[in-house]
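K.L.:
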Ligand SMILES: [Zn+2]
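In our numbering, the protein residues as written are 311 to 604.
(1) Three-state secondary structure (DSSP) at residue 461?
(2) Less than 7 angstroms separating the beta-carbons of residue 406 and residue 364?
(3) If you draw a straight line from the C-alpha of residue 466 to the C-alpha of residue 392, how long is it?
(4) In terms of alpha-carbon separation, which member of 491, 548, 354, 497 lies closest to residue 398?
(5) Helix, strand or coil, according to DSSP, for residue 551 in the structure here?
(6) Assuming residue 350 and residue 367 form a contact by the criterion Cβ under 8 angstroms, report the distance between their Cβ atoms to the nearest whole angstrom.
(7) What is the residue span of the alpha helix (DSSP H) that residue 349 lies within?
(8) Residue 499 to residue 445, Cα distance in whole Å?
(9) Answer yes or no: the CB of residue 527 versus the heavy atoms of ligand 1, is any distance below 6 angstroms?
(10) Around ligand 1, what residues have a beta-carbon under 6 angstroms from a heavy atom of it, in chain order?
(11) What beta strand (DSSP E) runs, 3 residues minimum, are completely inside the segment 502-569?
(12) Alpha helix (DSSP H) containing residue 381: first to last residue?
(13) Which ranges does the beta strand (DSSP E) cover as unbroken runs of at least 3 residues, wholly within the segment 400-457, from first to last along the chain?
(14) Apart from the five residues just before and just after residue 571, which ones in its own chain have a Cβ nearer than 6 angstroms to its Cβ?
(15) I need the DSSP call for residue 367, collapsed to helix, strand or coil.
(16) Decide if residue 559 is buried, meaning its Cβ has at least 16 other Cβ atoms within 10 Å, or exposed.
(17) What three-state label does DSSP hand residue 592 in the structure shown?
(18) I'd like to check one pair, residue 359 with residue 588: are the Cβ atoms closer than 7 angstroms?
(19) What's the call for residue 595, buried or exposed, on a 16-neighbour Cβ count within 10 Å?
(20) Do residue 538 and residue 471 have their CB atoms nearer than 7 angstroms?
(21) Between the alpha carbons of residue 493 and residue 579, how many angstroms are there, rounded?
(22) Just the Cα atoms here: how many angstroms apart are residue 440 and residue 450?
(23) Taking only three categories from DSSP, how would you classify residue 597?
(24) On a Cα-Cα basis, can you pick out the residue from 562, 515, 495 that is closest to residue 534?
(25) The beta strand (DSSP E) with residue 475 in it runs from where to where?
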């Protein structure tokens, strides 16, 4: 069991806000606390690729990674820790009327093995210039959909698998396509037959939907609030449109092999703004938390 949560050095130690260490925090999961609780709780350590949910006194101003984090009325905040993050992360908390606090979170390194993928259509590995321009344009549209910082706390729901199946590709693994080195895998792949319904792992709003992007094929983005979003790639069918409010478990489309894919599977990626996080850790967090706190 990982050593518990943490915390922090306040400027005025004696009178500082009650800072809590709680015993059994799985990665990224704040301990369940009572509503209107004024404590500050963050995990002491998190693996690379985590979604971190913390608890601060409601009304606090919280800064992390150059951003001011949106705080729910309950006092929840969320941020993502990238694949290549390392060292100690620092969260600055200014409670209303209290002394400033700082939470320090240690990033636990992970192993990211290399995956060799053969049989990818060569034109998707080395696209000609006109295609490269198209890819860039499409990426810009997707990136633009990820700058939102909506108030909805859908990210706090316990996430569910969007499809059931074997994990055929893991987050972060170094990819080598047809012998050529690519970047770290940006999400997790779940093998499933073409046409298998893809269900929203948590509630959200559709912020992007396009049937045929060059690399990612049928592509849907689902925004879970506070900068957290899911993307579903290679879809054979899309059942939603931009602006749709989606409930957890609602069908957004169907598994396919469109774009750069060697066979039917769902690629499920997650982001905190432009930071990619590992959906599998988010699922494990949901499992560990049981009934998570909203
Ligand atoms: Zn993938």
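Heads up, the beta-carbon is just placed ideally off N, CA and C, and yes, glycines get one too.
P.N.:
The structure says:
(1) coil
(2) no
(3) 19 angstroms
(4) 354
(5) coil
(6) 7 angstroms
(7) Element bounds for residue 349: n/a, residue is neither H nor E.
(8) 21 angstroms
(9) no
(10) 479, 495, 497, 499, 577
(11) 507-509, 514-523, 527-535, 538-545, 561-564
(12) No alpha helix (DSSP H) holds residue 381; DSSP gives it neither H nor E.
(13) 411-418, 424-427
(14) 544
(15) coil
(16) exposed
(17) helix
(18) yes
(19) buried
(20) no
(21) 14 angstroms
(22) 16 angstroms
(23) helix
(24) 515
(25) It is not in any beta strand (DSSP E) - residue 475 carries neither H nor E in the DSSP assignment.
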